[in-house]
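**Q** First, the structure itself, so that you have it in front of you.
Protein chains in written order, with this note's numbering: chain A, 77 to 279; chain B, 1446 to 1664.
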């Protein structure tokens, strides 16, 4: 049984954003609806906020400099030429990887060994994290973070490096700021596994 | 986020064509990558601009971010939205550039102040709706852009990612490396401030000061 709450104007302003996001519970929502029916000031706040969201959410609000798309396309074309060089290289990597896997008993995991011991004994290196992503570490801490993470200790000592380097140095991913990668890591596969699967499909 | 989005529903679910392109690019057809990102290029640019403010820097960061996205396309997991993934990479790139620039200028890297107290709306007159059709007019878009640019950085960034880029609250928090609670506080404040800045509607206040051509109202 939901108690009939009653809310004042301040509370409505405070919650207006959550209300529009659909993030207030049923009791509060009905109390706010009740208040909004009788309070013209709060209705003005609600309508204005809704109007703001609709206007700025319109694609027309985003303007790019003239020629932006063309320049991006050109840049990507150059980038993909470099990459197709890599693709040629990787085309022999695929059968090689498959051979390695099929050689049996070969521990793919061994290719992930880290030269330094992990700084936390509970930690495993994470593989959902893009290796060249910039991360930060700080003195005396065990985790690496996305810069700006609230859980960085000794902020004055932060050092920027890539995720791969951080893992190599034995740091582990911060479970807060890197959460999305850690979640996807459990579903993820190693490059070698993907390569082997592609090879099997091509067979 | 158990409740559905009431007004901010996002129809941007990946189309079959998009899925197909992703797989093709992941298998090495990188020449198709531009076709894949083209629908999002404006949003990518806007995300970079929200953080860097300078159009040339934003373009540079957006290009670099797309090159990184291409290089890391195999890291993309189908359960994520492709547009969100691109925007997160762009935000990372832009934040990194800003930090680098600050370091070069010896400015403080950690300038996140305390959250302010609750914001009180200032204008309570009946809201005068600004219709979406008004966005056809350049001066209206400019006025809205100016209002947005006048917000403090921390409010502007959250607002752009949530309300213009359509990231959800959680994704916005992750992209900026701040807490969900901070996103909500800043978002509320950004929305209320913009509302006050645009109050008076398009007939009065700021809008009436804009030069109208007589009798020409295209909407």
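We put the CB at the ideal spot given by N, CA and C, even for glycine.
(1) Are the beta-carbon atoms of residue 1497 of chain B and residue 1539 of chain B separated by less than 8 Å?
(2) Nearest to residue 1503 of chain B by alpha carbon, out of B/1634, B/1469, B/1579, B/1535?
(3) Within 8 Å, do at least three Cβ pairs link the stretch 1617-1636 of chain B to the stretch 1568-1576 of chain B?
(4) Looking at the C-beta of residue 137 of chain A, does it have a partner C-beta in chain B at a distance below 8 Å?
(5) From residue 1522 of chain B to residue 113 of chain A, what does the alpha carbon distance come to, in whole angstroms?
(6) Quick check: what's the CA-CA separation for residue 1461 of chain B versus residue 1483 of chain B?
(7) For residue 1527 of chain B, name the three-state secondary structure that DSSP assigns.
(8) Taking only beta-carbon positions, decide if residue 1478 of chain B is within less than 8 Å of chain A.
(9) Do the stretch 1630-1639 of chain B and the stretch 119-133 of chain A make contact, defined as three or more Cβ pairs closer than 8 Å?
(10) Which residues bound the beta strand (DSSP E) around residue 53 of chain A?
(11) Using the C-alpha atoms, what's the distance from residue 223 of chain A back to residue 1463 of chain B?
(12) With a threshold of 8 Å, are at least 3 pairs of Cβ atoms found where one atom belongs to the stretch 202-214 of chain A and the other to the stretch 230-239 of chain A?
(13) Span of the alpha helix (DSSP H) holding residue 1617 of chain B?
(14) What residue does the beta strand (DSSP E) around residue 1593 of chain B start on, and which one ends it?
(15) With distances taken between CB atoms, is the gap from residue 122 of chain A to residue 1508 of chain B smaller than 8 Å?
(16) Compute the Euclidean distance between the alpha carbons of residue 269 of chain A and residue 99 of chain A, then round it to the nearest angstrom.
(17) Based on DSSP bridge pairs, tell me the residues matched to residue 1604 of chain B.
(18) What residues in its chain sit with their C-beta under 8 Å from that of residue 1456 of chain B, if we drop five residues either side in the sequence?
(19) Let me make sure I understand the geometry here. Which of A/107, A/215, A/136, A/110 has the alpha-carbon closest to that of residue 245 of chain A?
(20) Let's see if you can read the secondary structure: which residues bound the beta strand (DSSP E) around residue 1580 of chain B?
(21) Please report the straight-line C-alpha distance between residue 1476 of chain B and residue 1528 of chain B, rounded to a whole angstrom.
(22) What's the C-alpha gap between residue 1545 of chain B and residue 1629 of chain B?
(23) For residue 236 of chain A, name the three-state secondary structure that DSSP assigns.
(24) To the nearest angstrom, report how far apart residue 1489 of chain B and residue 1470 of chain B are at their CA atoms.
(25) Assign residue 125 of chain A to one of two classes, buried (16 or more other C-beta atoms within 10 Å of its C-beta) or exposed (fewer than that).
(26) What is the DSSP secondary structure of residue 144 of chain A, reduced to helix, strand or coil?
(27) Per DSSP, residue 220 of chain A is paired with what?
(28) Does DSSP put residue 82 of chain A in a helix, in a strand, or in coil?
(29) Using the three-state DSSP reduction, which class does residue 1521 of chain B fall into: helix, strand or coil?
(30) Quick one: is the Cβ of residue 1479 of chain B within less than 7 Å of any heavy atom of the ligand SAH?
(31) Could you tell me which of B/1643, B/1580, B/1585, B/1623 sits nearest to residue 1596 of chain B, measuring between CA atoms?
(32) Assign residue 97 of chain A to buried or exposed, taking buried as 16 or more other Cβ atoms, counted over all protein chains shown, within 10 Å of its Cβ.
(33) Name the two residues that bound the continuous alpha helix (DSSP H) containing residue 110 of chain A.
**A** Considering the structure as presented:
(1) As a working mapping, residue 1497 of chain B is identified with position 52 in the second chain. As a working mapping, residue 1539 of chain B is identified with position 94 in the second chain. Yes, the Cβ-Cβ distance between residue 1497 of chain B and residue 1539 of chain B is below 8 Å.
(2) Residue mapping note: residue 1503 of chain B aligns to position 58 of the second chain, counting from 1. For the residues B/1634, B/1469, B/1579, B/1535, the minimum Cα distance to residue 1503 of chain B belongs to B/1535.
(3) The stretch 1568-1576 of chain B is not in contact with the stretch 1617-1636 of chain B.
(4) Walking along the first chain from the start, residue 137 of chain A turns up at place 61. Taking a beta-carbon distance threshold of 8 Å, residue 137 of chain A counts as an interface residue toward chain B.
(5) Translated into positions along the second chain, residue 1522 of chain B becomes position 77. Translated into positions along the first chain, residue 113 of chain A becomes position 37. So the two alpha carbons sit approximately 45 Å from each other.
(6) Taking the first residue of the second chain as position 1, residue 1461 of chain B is located at position 16. Taking the first residue of the second chain as position 1, residue 1483 of chain B is located at position 38. In a straight line, the C-alpha of residue 1461 of chain B is about 16 Å away from that of residue 1483 of chain B.
(7) For the purposes of this step, residue 1527 of chain B is taken as the residue at position 82 of the second chain. Assignment of residue 1527 of chain B by DSSP, reduced to helix, strand and coil, places it in the helix class.
(8) Along the second chain, read from residue 1 onward, the residue named residue 1478 of chain B stands at position 33. Yes, because at least one Cβ of chain A sits closer than 8 Å to the Cβ of residue 1478 of chain B.
(9) By the C-beta criterion, the stretch 1630-1639 of chain B is judged to be in contact with the stretch 119-133 of chain A, since at least 3 inter-stretch pairs fall below 8 Å.
(10) Outside the displayed range of chain A (77 to 279) lies residue 53 of chain A, so it cannot be described from this structure.
(11) Within the second chain, numbered from 1, the residue matching residue 1463 of chain B stands at position 18. Within the first chain, numbered from 1, the residue matching residue 223 of chain A stands at position 147. The straight-line gap from Cα to Cα measures roughly 31 Å.
(12) With the cut-off at 8 Å, the stretch 202-214 of chain A and the stretch 230-239 of chain A touch.
(13) Within the second chain, the letter at position 172 stands for residue 1617 of chain B. Element bounds for residue 1617 of chain B: 1614-1621.
(14) Mapped onto the second chain, residue 1593 of chain B falls at position 148. Looking at the DSSP string, residue 1593 of chain B is not in any beta strand (DSSP E); the run it does join, the alpha helix (DSSP H), is 1583-1594.
(15) Here residue 122 of chain A is taken as the residue at index 46 of the first chain, counted from 1. Here residue 1508 of chain B is taken as the residue at index 63 of the second chain, counted from 1. No, Cβ-Cβ distance for residue 122 of chain A and residue 1508 of chain B is not below 8 Å.
(16) By one-based count along the first chain, residue 269 of chain A stands at place 193. By one-based count along the first chain, residue 99 of chain A stands at place 23. With a pLDDT of only 45 at residue 269 of chain A, under the threshold of 50, the placement of this residue in the model should not be trusted; the figure read from the coordinates follows. Taking the straight line from one Cα to the other gives about 41 Å.
(17) Residue 1604 of chain B sits at position 159 when you count from the first residue of the second chain. DSSP lists no partner for residue 1604 of chain B.
(18) Against the second chain, residue 1456 of chain B aligns to sequence position 11. Here residue 1456 of chain B scores only 44 on pLDDT, less than 50, and its place in the model should not be relied on; the value that follows carries that caveat. Excluding five sequence positions before and after residue 1456 of chain B, none of the CB atoms of its chain fall closer than 8 Å to its own CB.
(19) Numbered from its first residue, the first chain carries residue 245 of chain A at position 169. Answer by Cα proximity: A/215.
(20) Residue numbering aside, residue 1580 of chain B sits at position 135 when the second chain is read from its first letter. The continuous stretches of beta strand (DSSP E) do not include residue 1580 of chain B, and DSSP gives it neither H nor E.
(21) If you number the second chain from 1, residue 1476 of chain B lands on position 31. If you number the second chain from 1, residue 1528 of chain B lands on position 83. If you take the alpha carbons of residue 1476 of chain B and residue 1528 of chain B, they lie about 19 Å apart.
(22) Within the second chain, residue 1545 of chain B is the residue found at index 100, counting from 1. Within the second chain, residue 1629 of chain B is the residue found at index 184, counting from 1. Their Cα atoms are separated by approximately 28 Å.
(23) The residue given as residue 236 of chain A occupies position 160 in the first chain. DSSP places residue 236 of chain A in strand when its eight states are reduced to three.
(24) Mapped onto the second chain, residue 1489 of chain B falls at position 44. Mapped onto the second chain, residue 1470 of chain B falls at position 25. Looking at the two C-alpha atoms, the distance is approximately 19 Å.
(25) For the purposes of this step, residue 125 of chain A is identified with residue 49 of the first chain, where counting begins at 1. So residue 125 of chain A ends up on the buried side.
(26) Locating residue 144 of chain A in the first chain gives position 68, counting from the first residue. In the three-state scheme derived from DSSP, where H, G and I count as helix and E and B as strand, residue 144 of chain A is classed as helix.
(27) Position 144 of the first chain holds residue 220 of chain A. Answer by DSSP bridge pairing, in chain order: A/249.
(28) Within the first chain, residue 82 of chain A is the residue found at index 6, counting from 1. Per DSSP, reduced to three states, the secondary structure at residue 82 of chain A is coil, with no helix or strand assignment.
(29) Locating residue 1521 of chain B in the second chain gives position 76, where the first residue counts as 1. Coil.
(30) Ligands are entirely absent from the displayed structure, and the ligand SAH is therefore not among its contents.
(31) Within the second chain, residue 1596 of chain B is the residue found at index 151, counting from 1. With distances taken between Cα atoms, residue 1596 of chain B lies closest to B/1643.
(32) Sequence index remark: in the first chain, residue 97 of chain A carries index 21 (1-based). Counting C-beta atoms within 10 angstroms of its own C-beta, residue 97 of chain A has 16 or more neighbours from the protein chains shown and is therefore classed as buried.
(33) Position 34 of the first chain, counted from the start, is the residue given in the question as residue 110 of chain A. Per DSSP, residue 110 of chain A belongs to the alpha helix (DSSP H) from 102-114.
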